[in-house]
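Add 19 to a position in the sequence shown, counting from 1, and you land on the number used in our numbering.
C-beta: ideal position from N, C-alpha, C; glycine also.
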Amino acid sequence: MGSDKSRGPAPAPDALDHAALALELLQKQPVLWDKISSGIHVQGREVPRLLTEVLRFLHLVAACDQVLTPSRPVDLAWHEFILCTRIYGAFCRRHFGRMIHHQPGGMEDENNSQFDQTLALYQRYFGPPPAAYWLPGADCGACRSANS
């Protein structure tokens with residue numbers, strides 16, 4: 020756990036180009052594209068857009084050092100990213116200075132409160148969240164980040 024924070028704090032969430040990082044990851048690791056596409060049933064340009072949202076969520080967790088809850092689509096894509104353990108671990112350490120851990124479960128009220136906090140932080144750093152991935156129809160996931 021101490022080694023997870025060895026590089027110091029993550030840069031501000033708006034300091035990175037998450038869309039470019041998502042494209043770079045997908046180009047270097049086509050298996051990640053396949054996993055997101057087939058596992059979540061998104062196609063074409065939606066794959067890098069959804070991965071961009073995952074990276075933004077992870078960055079919020081790292082920079083704000085809070086337990087946050089993603090939307091359901093972001094959570095499902097996060098699951099696919101985590102399954103690529105080496106890529107995921109290296110990405111987290113390189114860009115956030117530590118591993119961002121995933122914690123399934125949580126009480127519904129707690130998840131909803133953390134989801135509201137996630138949306139507030141998203142709005143603060145990135146502007147209005149894309150409705151397809153974050154707003155009412157997207158729902159919140161049953162998983163959350165682990166504050167480690």
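- Val50 sits exposed, since fewer than 16 C-beta atoms from the chains shown fall within 10 Å of its C-beta.
- Scanning Ala34, Leu70 and Gln62 for the CA closest to the CA of Leu44 turns up Leu70.
- Put simply, the backbone Cα of Trp52 is about 8 Å away from that of Pro67.
- Between the stretch 31–42 and the stretch 75–87, the count of Cβ pairs shorter than 8 Å is three or higher; the stretches touch.
- With 16 or more other Cβ atoms from the protein chains shown falling within 10 Å of its own Cβ, Gln133 counts as buried.
- For His120, the enclosing beta strand (DSSP E) covers residues His120 to Pro123.
- Relative to Arg91, the option among Leu102, Val73, Arg112 and Gly108 whose CA is nearest is Val73.
- For His98, the enclosing alpha helix (DSSP H) covers residues Arg91 to Leu102.
- With contacts defined by Cβ atoms closer than 9 Å, Phe110 and Ile55 do not form a contacting pair.
- In this structure Pro89 is buried. Its beta-carbon is surrounded by 16 or more other beta-carbon atoms within 10 angstroms.
- Val93 is the residue among Val93, Cys83, Gln46 and Leu42 whose C-alpha sits nearest the C-alpha of Tyr152.
- Here the alpha carbon of Ser57 sits roughly 14 Å from the alpha carbon of Trp97.
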